[in-house]
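Chemist: Numbering (the UniProt record's numbering), first residue to last: 1 to 142.
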């Protein structure tokens, strides 16, 4: 339990992630599951809180909902929890895409077709949907 608590004092972790890390450190799977259950009951570990924290962090780092959804999936979180965390995000995905575009691809603001294509590709790779990409590029032309 001390190892799990030590991990949680550094940052939020999902249950899946904690089990994996504890097993890597030689803790038996049953012991790891029991320790994590006790920590969850005490309020130290919460998958919903972890998901919301990761959404805020990644959105603030310039990633879109598709990228974040995929990353949350790698942490072993169920789809309904991922959906709830993304819906709970208070930010505006289109505004995030616009700000990222202004920072990373300011040449796209000038209307150059090739620069706009590269900027759109960049936003898509970062996990923004086509609607957000179009809105971000259209707003910057105004």
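Idealized CB from N, CA, C, for every residue including glycine.
Quick one: grab the DSSP three-state call for residue 106.
Modeler: Along the chain shown, one-based indexing puts residue 106 at 106. Looking at residue 106 - three-state DSSP - the assignment turns out to be helix.
Chemist: At the level of alpha carbons, what is the spacing between residue 120 and residue 46?
Modeler: Numbered from its first residue, the chain shown carries residue 120 at position 120. Numbered from its first residue, the chain shown carries residue 46 at position 46. Near 36 Å, if we compare the C-alpha coordinates of residue 46 and residue 120.
Chemist: Taking only the alpha-carbon atoms, compute the straight-line gap between residue 113 and residue 4 and give it to the nearest angstrom.
Modeler: To locate residue 113, count along the chain shown from 1; it is residue 113. To locate residue 4, count along the chain shown from 1; it is residue 4. Residue 113 and residue 4: Cα-Cα distance of roughly 51 Å.
Chemist: In terms of residues, what are the limits of the alpha helix (DSSP H) holding residue 67?
Modeler: By 1-based counting over the chain shown, the position of residue 67 is 67. Segment 65-74, the alpha helix (DSSP H) holding residue 67.
Chemist: Please classify residue 26 as buried or exposed, where buried requires at least 16 other C-beta atoms within 10 Å of its C-beta.
Modeler: Your numbering for residue 26 matches position 26 in the chain shown. Residue 26 is exposed by the Cβ-count criterion.
Chemist: CB-CB under 8 Å to residue 159, same chain, minus the five flanking residues each way: which ones, in chain order?
Modeler: The question about residue 159 has no answer here: the residues shown for the chain are numbered 1 through 142.
Chemist: What does the alpha-carbon distance come out to for the pair residue 93 and residue 33?
Modeler: In the chain shown, counting from the first residue as 1, residue 93 sits at position 93. In the chain shown, counting from the first residue as 1, residue 33 sits at position 33. Distance between the alpha carbons of residue 93 and residue 33: 36 Å.
Chemist: What residues in its chain sit with their C-beta under 8 Å from that of residue 58, if we drop five residues either side in the sequence?
Modeler: Your numbering for residue 58 matches position 58 in the chain shown. Excluding positions up to five away in sequence, the list reads 67, 68 and 71.
Chemist: Rounded to a whole number of angstroms, what is the C-alpha to C-alpha distance between residue 24 and residue 17?
Modeler: The residue you call residue 24 lines up with position 24 of the chain shown. The residue you call residue 17 lines up with position 17 of the chain shown. Taking the straight line from one Cα to the other gives about 11 Å.
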